[in-house]
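Engineer: Would you mind keeping the following structure in view while I ask a few things?
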Amino acid sequence: MELISLAADNALLQRWDLRREHLYRLGARLEQAREDTLSDVRRWSPEAADLDPLFLPWPEERLQEHRHDPADSLLTQIRQIAQGLADEVENVVVLGIGGSYMGARALMEACCDPYYNLLPRDRRGGPRLFFEGNNVDNDSTRALLEYLHQQGEPWGIVVISKSGTTLETAVAFRVFLEALQHACGHHAATVAKRVVAVTGRSGALRRLADQLQCPVLDVPEGIGGRFSVLTPVGLLPAALLGLDLVPLLEGAAAVNHHFRQMPVGENLVLDYAGLCHLWEVRWGLTVRVLASWCKQLEALGFWYDQLLSESLGKEGQGATPVTAVNTRDLHSRGQQHQQGRRDKLITNLVLRRWRREPVLVPQLEDDPDGLNWLAGRELEQLMQAAVRGTNQAYRHDDRPTLDLLLPQVDEAVLGQLFQMMMLATVVEGKLIDVNPYGQPGVKLYKENMQRILRSET
Ligand code: PA5
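Going from the sequence shown to my numbering is simple: count from 1 and add 57.
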């Protein structure tokens, strides 16, 4: 499988005095961080509080199980449940927030047609997908309820919450379930066929799902929300969209293999984590811009925003993630990235191959807009020139960039990207002595919100 590669300009690294540091000092610490990341898996037990390392062996385990006994594998079970729902409905509302939402959205935006929901059914992989339960926004909730009602087509719900108690998702489930029950004429067996829950082994959502007698998939223990995209949390929506689950997991497994085997200097995960870390602690680049040079990876950027923020934003530490999509954001953030505060490390996500037939700039008679000098050029060439030109401009001003070169955008590459970023985040946590698992800081807003709501009634 062709792997993602990391390109960092050697002259740039030397100018920032990073190669020597990288090789002589950080190298040993990175090796240790890898060892600690792997040994977390061995020392995990259900009692180990705030330790969620099982995302690491998960892809290989699921693939092995599937190869050994496909009829009885989790992948087959997910596909069957997805097919059961897809056969019943035209529209699916996916309810979830944070780690129970961002990954599925990233997969849809990256791997499906950009106009997926607008296509006729025979040109989509499955039902239309809508994401809700990731806010308490009155108007978007009401608008979706009205859309579903006005369409008059059969619809269903996938509700995803590991804890089963997250207020945004739980409240949205009540709202959409009530509407669904109404739409199904309160026929319990029909409702049961149109709802799927993805949740932990116990808890409020599990109880409710049992009551509804709808299919339930487990969020495995030992895998935290933002590390769960390759579990049923992301795989069920992916299967509903008609995406291929095997290459997704194979991509992740390929990164695992590479992570375990390759030395510092040739290791995508260790090198990326190490360079980001050095630029942050030695040179104060605390803002990490993930600049995607294609539109389909914006939601992947949002997924990474959450991963980095919730994993490392602790104890007064952790870089601040920013997602940009270029060339669009060259016309908004570009000025600041070029000449603003010197606190940014820019990582470009660059595509090597586009999926579709090239679009060419047409020739125009009399050249009224003066663009005939570009006639016959492909948009891809314009994009390459934009990437190179922007990197040159940053170099000129001594602003560092890294390039993550992606063979293309598909399930296998998404699997690689997810696993690479999750591993790099854990490794970086080890380097700064922060536990990347758990998110103790978001407890307070939840408690305050509950207290305010309870005292108002
Ligand atoms: O990374 C995490 O654990 C969080 O972002 C959760 O995914 C998020 O809070 C949603 O939690 P739950 O799946 O329990 O509803």
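The beta-carbon is built from N, C-alpha and C at its ideal position, and this holds for glycine as well.
Three or more C-beta pairs under 8 Å: does that hold for the segment 117 to 134 against the segment 144 to 162?
Structural biologist: no
Engineer: So, does the segment 393 to 403 touch the segment 174 to 185, judging by three or more C-beta pairs under 8 Å?
Structural biologist: no
Engineer: Under the assumption that Phe-233 contacts Asp-109 (Cβ atoms under 8 Å), give the Cβ distance between them as a whole number of angstroms.
Structural biologist: The Cβ separation is near 29 Å, so there is no contact.
Engineer: Quick check: what's the CA-CA separation for Glu-414 versus Cys-169?
Structural biologist: 16 Å
Engineer: Quickly, what does DSSP pair Gly-213 with across the bridge? List them, please.
Structural biologist: Val-149
Engineer: Just reading off the beta strand (DSSP E) that Val-253 is part of, what are its end residues?
Structural biologist: 252 to 256
Engineer: Whole angstroms are fine: how far does the CA of Trp-350 sit from the CA of Pro-458?
Structural biologist: Strictly speaking, residue 458 in this sequence is Thr, with Pro absent from that position. When rounded, the distance between both Cα atoms is 13 Å.
Engineer: Kindly examine the ligand PA5 and report whether one of its heavy atoms sits closer than 7 Å to the Cβ of Gly-155.
Structural biologist: yes
Engineer: Around the Cβ of Trp-430, are there at least 16 other Cβ atoms within 10 angstroms (buried) or fewer (exposed)?
Structural biologist: exposed
Engineer: Could you tell me the boundaries of the beta strand (DSSP E) in which Thr-223 lies?
Structural biologist: Segment: none, Thr-223 is in no beta strand (DSSP E) and carries neither H nor E.
Engineer: Taking the CB atoms as reference points, tell me whether Gly-281 and Gly-156 lie closer together than 8 Å.
Structural biologist: yes
Engineer: Is the beta carbon of Ala-266 sitting closer than 8 Å to the one on Ala-254?
Structural biologist: yes
Engineer: Entirely within the segment 330 to 377 and at least 4 residues each: give me those alpha helix (DSSP H) ranges in chain order.
Structural biologist: 355 to 369
Engineer: Do the segment 309 to 328 and the segment 485 to 499 touch if we need at least three Cβ pairs shorter than 8 Å?
Structural biologist: no
Engineer: Using 10 angstroms around the beta-carbon of Val-416, count the other beta-carbons present and answer buried if the total reaches 16, otherwise exposed.
Structural biologist: exposed
Engineer: List the residues that DSSP assigns as beta-bridge partners of Val-382.
Structural biologist: Ser-349.
Engineer: Do Pro-114 and Gln-476 count as a contact pair if the criterion is CB distance below 8 Å?
Structural biologist: no
Engineer: Taking the alpha-carbon positions, what's the Arg-452 to Ala-68 distance?
Structural biologist: Distance between the alpha carbons of Arg-452 and Ala-68 is about 10 Å.
Engineer: Verify whether the separation of the beta carbon atoms of Trp-101 and Gly-257 is less than 8 Å.
Structural biologist: no
Engineer: Could you tell me if the beta carbon of Thr-94 falls within a distance shorter than 7 Å of some heavy atom in the ligand PA5?
Structural biologist: Every heavy atom of the ligand PA5 is 7 Å or more from the Cβ of Thr-94, so no.
Engineer: Whole angstroms is fine: what's the gap from Gly-308's alpha carbon to Asp-426's?
Structural biologist: CA-CA distance, Gly-308 to Asp-426, rounds to 45 Å.
Engineer: Under 7 Å: does the beta carbon of Lys-250 sit that close to some heavy atom of the ligand PA5?
Structural biologist: no
Engineer: What whole-angstrom Cβ distance do Val-215 and Val-149 have, given they're in contact under 8 Å?
Structural biologist: 6 Å
Engineer: Let's see if you can read the secondary structure: which residues bound the alpha helix (DSSP H) around Asp-467?
Structural biologist: Careful: Asp-467 lies outside any alpha helix (DSSP H) and carries neither H nor E.
Engineer: Please determine whether the Cβ atom of Thr-538 lies at a distance below 7 Å from any heavy atom of the ligand PA5.
Structural biologist: Outside the displayed span of the chain (58 to 514) sits residue 538, for which this structure offers no information.
Engineer: Indicate the three-state DSSP secondary structure (helix, strand or coil) for Ser-96 in the structure shown.
Structural biologist: helix
Engineer: So, is Lys-500 buried or exposed, given that buried needs 16 or more other C-beta atoms within 10 angstroms?
Structural biologist: exposed
Engineer: Glu-235: beta carbon under 7 Å from a heavy atom of the ligand PA5?
Structural biologist: no
Engineer: Which runs of the alpha helix (DSSP H) at least 4 residues long sit entirely within the segment 148 to 182? Give them in chain order.
Structural biologist: 159 to 168
Engineer: Assign Pro-304 to one of three DSSP states: helix, strand, or coil.
Structural biologist: helix
Engineer: Output needed for Met-478: all residues of its chain with C-beta closer than 7 Å, excluding positions within five of it in sequence on either side, in chain order.
Structural biologist: Tyr-361, Leu-364
Engineer: How many angstroms separate the CA atom of Met-165 from the CA atom of Asp-423?
Structural biologist: 43 Å
Engineer: Quick check: is any heavy atom of the ligand PA5 less than 7 Å from the C-beta of Glu-367?
Structural biologist: yes
Engineer: Please report the distance separating the alpha-carbon of Ala-442 from that of Trp-336.
Structural biologist: 26 Å
Engineer: Checking the sheet assignment: what are the DSSP bridge partners for Lys-401?
Structural biologist: Paired residues: Val-344.
Engineer: Looking at Ala-167 and Leu-471, is the spacing between their C-beta atoms short of 8 Å?
Structural biologist: yes
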